[in-house]
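Chains as they are written, first to last, in my numbering: chain A, 1 to 469; chain B, 470 to 571.
Glycine included, each C-beta is placed from N, C-alpha and C at the ideal position.
Because the structure is a prediction, the values reported are computed rather than measured.
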Amino acid sequence: MSAQELVYLSLREAADRVRQQQVSPVELLQAVLARTDALEPRIHAYITPTFDEAMAAARQAEREIMAGRYLGPLHGIPVALKDNYWTRGVKTTAGSKFLADFVPTEDSTVVAKLRAAGAVITGKLNMHELAMGGTTDNPHYGTTHNPWGLDRVPGGSSGGSGAAVAAGYCYMAMGTDTAGSVRNPAAFCGTAGLKPTYGRTSIFGIVPYAWTMDHAGPLTRTVEDAALVLNAIAGYDPKDDGSADVPVPDFTASLGAGVAGLRLGVPRSYFFAPLDPEVRMAIDAAIGVLRDLGATVEDLDWPGAEPAIPIYQLIRGPESASFQEKFLQHPEDYGADVRATPQTGALVLATDYLRAQRVRAALRAELADLLTRVDALLTPTTRTTAPRIGEQVTEIDGQPVSASLPGIGNTVPFNLTGAPALSVPCGFAPDGMPIGLQIAGRPWDEATVLRIGAAYEQATPWHQRHPDL
Amino acid sequence: MGTPTVSRRRFLAGASGGGAALALGLAGGGPAAAAPAPQGAVAPGPALLEELAQYADIPLSPERAAQLAPVLASPLAVVRGLQPVDYDNLEPAVAFRAQMGG
């Protein structure tokens, strides 16, 4: 097996080889670190690599596995973390100048669970400053480049995570998602990306952006890999007030069940207009694949999603301003593109914040009603492919659009409603940039979302392509 | 403003299961098409933002206040204009939960 083939194994494939002792955790780590050494000057996915600690963890995993103490599919697997996950003894900047020297004294719950599962953590990845944007063009820690086009953004805010998985630096990277920050870089970088149901994965020990919409989720090479990671990180956490004490199924159990008999809804009126014609072609083709696999597909309408961005803005502003209250005394230490969010958020009336939260409750009920008619919704993850670094998308298909719509317009409704949503690669534009299909389902029913994603993935070749670097 | 008629229990049942969601259906099919809210939408100008910033004890120059005013006014106008059916009975999508064992 070539070095390139080794680094581009799926997490499941790598885990099978580790379990069967065909490849050791140290060999896996050496392969991805060699890849990182070669590419990092061009990609810049890391803020803080922890390669020495990773090598120690890989050696320990190797010893444990040789001794017959195999912990499961994450054991000995190199993974990386967005730099807003607390890591005990390792700097956690959240991409912010304010937190440049922050060294947590404990791990976030997700990191603790990954370590308990035997994962080998290779370091902390670049992100949009304080998770408040979608380019990962970070004025304090540098610009991350999209492996599929080095002049393109990787998306964000988990852009380092998307780039790291796409470039073969690791077999999984954790991201966080407040408006689409897992699914957007997944779509732009050609990976799978899962935002679980709000409360399914703990956000304890993640630097907050907006508490009521922050989610922790993985970016992976395949849908099955996302399910494997969710198995490891899901579950009730008394340290997180939003965490839910609900049963955690085996998320891999129904991955092979197919989509025959499932009802899928396509909400065209908002989510498809305006839409880049190249994205539309790929999404319509993906919907056709799912129909051919036996799903019933119907167009439906979700007009309540249309004001999702303004509702989100009136919630994320005050919540971010609350966490960043001390930061606001030093506005010059923010990047120019993120400063406005907490500055305006601090000036929103409490009644306006609560109005947005009350309207949000109506939106949640409206989605629940839609999801009595269908099992899941299908939409484009983003309205365009990844823009060029420094470029602002101002129109799509000849129509002027707001700055937020192309990147988060289709993802943020599922942050407001807390429903699970997955992005899977569904094609490439003629210029070679990836396109993502979003599959969203009922709260707590990640299993169906993953099942649909796995069926689509198994019928298509997109996840098997890798950037030519 | 009508008298609230939906209990918290019924609200939660509708929101989680979808069965009673129609009780919270939105006028005209969605918030965007709903009737204007009674409180109206007053766009906060730069001078008001400066005063609010003073009240909030955060530094904000007049130039910056002028830049921020439209940034804030736009979502405010939309959200204040939304009036879901039965809005009076809607509770915010944030919850306080007493913990087991106090």
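Chain-order list of chain A residues neighbouring P561/B: L354, Q357, R358 and A361, by C-beta distance under 7 Å. Annotation for A173/A: the continuous beta strand (DSSP E) segment containing it runs M172 to D177.
The Cβ atoms of E520/B and P531/B do not sit closer than 8 Å to each other.
M1/A and Q20/A have their C-alpha atoms roughly 16 Å apart. Contact of P553/B with chain A is assigned, a C-beta pair being separated by under 8 Å.
For the pair T50/A and T105/A, the CB atoms are not nearer than the 8 Å cut-off.
By the Cβ rule, the stretch 311-318 of chain A does not count as touching the stretch 273-288 of chain A, because fewer than three pairs are nearer than 8 Å. Each residue's CA atom was taken as its position, placing A179/A and L194/A some 13 Å apart. With respect to L377/A, G265/A sits close: the two C-beta atoms are nearer than 8 Å. Residues of the stretch 527-542 of chain B whose Cβ lies closer than 8 Å to any Cβ of chain A, in chain order: I527, P528, L529, R533, Q536, L537, V540 and L541.
The C-alpha of A525/B lies about 7 Å from the C-alpha of A346/A.
By the Cβ criterion, the stretch 390-407 of chain A is not in contact with the stretch 450-461 of chain A, since fewer than three pairs of Cβ atoms, one from each stretch, lie closer than 8 Å. Sequence-distant partners of E366/A (beyond 5 residues in either direction) whose C-beta falls short of 8 Å from its own C-beta, in its chain, are W302 and G304. Distance from the Cα of Y85/A is smallest, within the candidate group L130/A, Y236/A and Q60/A, for L130/A. In this structure, the beta-carbon distance from L517/B to Q343/A does not fall below 8 Å. In the pairwise beta carbon analysis, the stretch 325-336 of chain A is classified as touching the stretch 128-142 of chain A: at least three pairs are separated by under 8 Å. In the three-state DSSP reduction, R152/A falls in the strand class (E or B). Interface flag for P515/B against chain A is unset, since no Cβ pair is found closer than 8 Å. One thing to note: V359/A has its Cβ within 8 Å of the Cβ of L551/B.
Classified as exposed, S402/A has fewer than 16 neighbouring CB atoms from the shown chains inside 10 Å of its CB. Rounded to whole angstroms, P420/A and C189/A show a C-alpha spacing of 20 Å. D555/B and R364/A have their C-alpha atoms some 14 Å from each other. Under the three-state reduction of DSSP output, A216/A falls in the strand class. Excluding five sequence positions before and after E306/A, the CB atoms of its chain that fall closer than 6 Å to its own CB belong to Y270, given in chain order. Non-local beta-carbon contacts of G261/A in its own chain, meaning distances under 7 Å to residues more than five positions away in sequence, involve G294 in chain order. Distance between V32/A and Y169/A, taken at the CA atoms: about 5 Å. Counting only Cβ-Cβ distances below 7 Å, A525/B has contacts in chain A at A346 and L347, in chain order. As the crow flies, the alpha-carbon of G258/A is around 36 Å from that of I311/A. Cα atoms of G72/A and I233/A: separation of roughly 13 Å, rounded to the nearest angstrom.
Excluding its 5 nearest sequence neighbours in each direction, P331/A has C-beta neighbours in its own chain below 8 Å: R339 and Q343, listed in chain order.
Contact between the stretch 86-101 of chain A and the stretch 201-214 of chain A is present: three or more C-beta pairs spanning the two stretches fall below 8 Å. Going by C-alpha positions, K124/A is about 15 Å away from A167/A. The stretch 305-385 of chain A is shown to contain whole alpha helix (DSSP H) runs of 4 or more residues at 308-323, 340-345 and 350-373, in chain order. When C-beta atoms of the stretch 101-121 of chain A are compared with those of the stretch 64-79 of chain A, three or more pairs fall below 8 Å, so the two segments count as touching. Bridge pairing for K195/A: A421/A [DSSP]. Contacts between A522/B and chain A, judged by CB atoms closer than 7 Å, involve L347 in chain order.
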